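Our numbering puts the sequence shown at residues 27 to 286. For every residue, glycine included, the Cβ atom is placed at its ideal position computed from N, Cα and C. The structure displayed is predicted, hence computed values, not measured ones.
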Amino acid sequence: MLEKDWHKDAVLLYVVVNEKMASKVIAEAKTQGIRGATVMLGRGTVNNRWLNAIGVVDSRKEVVIMGADTPTARQAMEAISKRFHFEKPNRGIAFAVAMQGIVGTDAGKAWPSVEDVGGSKGESGEAGMAGTVAGAETAGTAGTAGNKDAADEAGTGAKWQLLTTIVDRGRSEDVVEAAQSAGSRGGTVIAGRGSGVAQTELVLGMEIEPEKDIVFMLTPGEMSGRIEEAIADRLDLEKPNTGILFVQNVVAVSGLYQGE
């Protein structure tokens, strides 16, 4: 039977930075106790009328993903944000998503387990990073905010949410345009491959997996519902094999800048 380590107080830390910065981010993270990382290459999109006017709407990005217990992740996020000046526009963003279990690495053995903190499998503790919205600027408001405030009244349960959409290669622009029409500022696009039974094709006797676009978007909790709906309508996600969209609560974020 596969053994999985369950953790009540662990997160996945995402850091999105400009090209050639990932190695520096990882080096800084390791000084704060992070043991390893995965890097994905992508491109960022932005909704800015001045950049659009001169044809600069995309930029190369690197996405660093790291697993850690909440105290280590908080410390790493703060150190990375400070060193690389995430309080300034276009320097980078970092955010954390709650994680329940992990398998395939011994890094998690040092993290607090469910039994250590008193809980049940399947629970994830978000309180550990609540209030760690460091360096975020939203609609002209800078500073630190908790994870649960006005967003709770809107029924989302989180101030920020991560929307992940997986569609056929070439349709990421439709995803971004639909999201921007509903108020999104942009996102990050990653190249991927699909391996669903209904998607695999036989070409000259060989199985070919179709290429996919993976679109990450951070959205305010109160806006995520209408952004989801706009993407689903534009991409016809109710139909089979058109795409997948899923939402995760973000427990901490740093570096968001929503100025013009």
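- Within the DSSP bridge table, the entry for ILE240 names ILE192 and ILE216 as partners.
- The alpha carbon of THR64 has as its nearest neighbour, out of SER85, THR57, VAL41 and GLU255, the alpha carbon of VAL41.
- Going by DSSP, LEU271 is part of the beta strand (DSSP E) stretching over 270 to 280.
- MET103 carries a helical assignment under DSSP once its states are collapsed to helix, strand and coil.
- Under the Cβ criterion (8 Å, minimum of three pairs), the region 100 to 111 does not count as touching the region 258 to 277.
- In this chain, ARG61 is not harboured by any alpha helix (DSSP H), its DSSP state being neither H nor E.
- If you draw a straight line from the Cα of SER85 to the Cα of ASP95, it is about 31 Å long.
- Cα atoms of GLU45 and ARG61: separation of roughly 22 Å, rounded to the nearest angstrom.
- The closest CA to that of GLY196, considering only ALA217, LYS185, SER280 and ALA204, is found on ALA217.
- Approximately 22 Å separates the beta-carbon atoms of PHE112 and SER250; this is outside 8 Å, ruling out the contact.
- THR190 is positioned such that its CB atom lies closer than 8 Å to that of ILE240.
- Collapsing the DSSP output to three states places LYS46 in coil.
- In the three-state scheme derived from DSSP, where H, G and I count as helix and E and B as strand, GLY209 is classed as coil.
- Taking ARG109 as the centre and dropping the five residues before and after it, the same chain places the C-beta of GLU54 closer than 6 Å to its C-beta, in chain order.
- For LYS87, DSSP records a beta bridge to ASN44 and GLY68.
- Judged by DSSP in its simplified three-state form, ASP262 adopts coil rather than helix or strand.
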